[in-house]
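See structure below.
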Amino acid sequence: MDRSETRVKYTASGLKNIGVFDSGFGGLTMFKEFLKVLPDYDYIYLGDNARAPYGNKSDEVIYNYTKQAIDFLFKQDCELIIIACHTASAKALRKIQQEYLLKNYSDKKVLGVVVPIVEEAIKLSRYHKLGIIGTKATINSDAYKKELEKLRSDLKIFQQACPLLVPLVEEGWVKKPETKMILKKYLLPLKVKQIDTLILGCTHYLFLIKDIIRIMGKNVKIINPAIAVAEKLAIYLDKHKDLEKKLSKNKKIIFYTTDDVIKFKELGQRFLGKSIENINKIIL
Ligand code: DGL
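382 is the number of the first residue of the sequence shown in the numbering used here; add one for each residue after it.
If you want it as structure tokens, here you go:
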């Protein structure tokens, strides 16, 4: 089949949506929180499932994939896009905002997850010893570290890439002893450093939060990325009334995936915690 035939016809509905983008299912954990805090808006969720995971990919690939996703969502009449994926936020957001957006969509907004999470972490950290866990790409980018250091210069920051956790969560291995063992192996070096706050810098880690709390102990504050981002999004919309007024509020949600619709429905429901309808397949 010709590639163009499989593309969705872009229909300008006149409605202004909030776009939510992730490499796949993980962003649904964040989207779940948006729906709790900001339930009235119209949303378009895009998961690039066919090309996920992004976490082990190169800078150039992550940037190009993210750019294509942003382009698609703006063509679906999104006024504001949240990159719910930590890897894409860490690796591509800055360049998207500073180059791509300025050139192509200068009147629109794209926000990421790093800054709101970092602000929350600084607020909660008592002794300024912070840990960050994420995909290889996120940790290698130093994006969280750099943003933290912009806010305070006296921090002690320790990072740990946890590349095995995303596939384990997607396999549904959350409660398996093997997963707990791997998690412990990743977290122990941070525990030894006696961090007081831990940033969960990946969409999937919320599924492991109980074990993370157990391993790190009650003295370590765990930053829930979904809650931090959803709360900051609400504050952002409250502050940016001109943008907020353009957003439609019919509680309409459309999902797009670049992979199989049935698979998206099955696994996506686990991530979103409720039934998913209105899923469309696209090629980016
Ligand atoms: N969504 C990604 C993140 O938050 C995890 C999955 C992936 O590697 O694509 O970093």
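We put the beta carbon where it would ideally sit given N, CA and C, even for glycine.
These numbers were taken from a predicted model, which means no experiment stands behind them.
What separation, rounded to the nearest whole angstrom, lies between the Cα atoms of residue i and residue j?
i, j, result
"ALA473", "HIS467", "10 Å"
"ASP640", "GLU658", "15 Å"
"VAL555", "TYR617", "34 Å"
"PRO434", "GLY405", "7 Å"
"ARG507", "ILE576", "10 Å"
"LEU579", "LYS565", "14 Å"
"ASN398", "ARG475", "22 Å"
"LYS557", "ILE563", "10 Å"
"ILE520", "TYR444", "16 Å"
"ASP523", "SER470", "12 Å"
"GLU612", "LEU624", "17 Å"
"LYS662", "VAL642", "6 Å"
Nearest CA to the CA of residue i: which residue from the options?
i, options, result
"GLY512", "SER522, GLY493, ALA542", "ALA542"
"LEU532", "LYS561, PRO420, GLU501, ASN437", "GLU501"
"ASP535", "ILE503, ASP592, LYS561", "ILE503"
"THR584", "ILE477, GLY598, ASP592, VAL610", "VAL610"
"LEU322", "ALA607, ARG595, THR638", "Residue 322 lies beyond the range of the chain shown here (382 to 665); nothing can be said about it."
DSSP state of residue i, grouped into three classes?
i, result
"PRO568", "The identity of residue 568 in the sequence shown is Leu, whereas the question assumes Pro. DSSP places LEU568 in helix when its eight states are reduced to three."
"GLU460", "strand"
"LEU628", "coil"
"GLY713", "With the chain running from 382 to 665 in the structure shown, residue 713 is simply not present."
"TYR436", "In the sequence on display, residue 436 carries Gly and not Tyr. In the structure shown, GLY436 sits in coil (DSSP, three-state: anything other than H, G, I, E or B)."
"LEU665", "coil"
"LEU698", "In the structure as shown, the chain begins at 382 and stops at 665. Residue 698 is therefore absent and cannot be evaluated."
"PHE652", "helix"
"ASP403", "strand"
"TYR424", "strand"
Taking three-plus beta-carbon pairs below 8 Å as touching, is the region 450-464 in contact with the region 478-492? Enough Cβ pairs lie closer than 8 Å, so yes.
For the region 420-427 and the region 630-641, state whether three or more C-beta atom pairs, one from each stretch, are separated by less than 8 Å. yes
At which residue ranges does the region 583-622 contain complete beta strand (DSSP E) runs of 3 or more residues, listed in the order of the chain? 602-604
Check whether the region 534-549 and the region 513-524 touch, using three or more Cβ-Cβ pairs below 8 Å as the test. yes
Closer than 8 Å is the cut-off here; do at least three beta carbon pairs connect the region 518-529 with the region 404-415? no
My parser needs the beta strand (DSSP E) runs of 3 or more residues fully inside the region 473-507; what are they? 490-492
At least 3 beta-carbon pairs within less than 8 Å: the region 455-464 vs the region 544-558: no
Suppose only complete runs of 4+ residues qualify. What are the alpha helix (DSSP H) ranges in the region 516-586, listed by chain order? 517-522, 524-532, 546-551, 558-573
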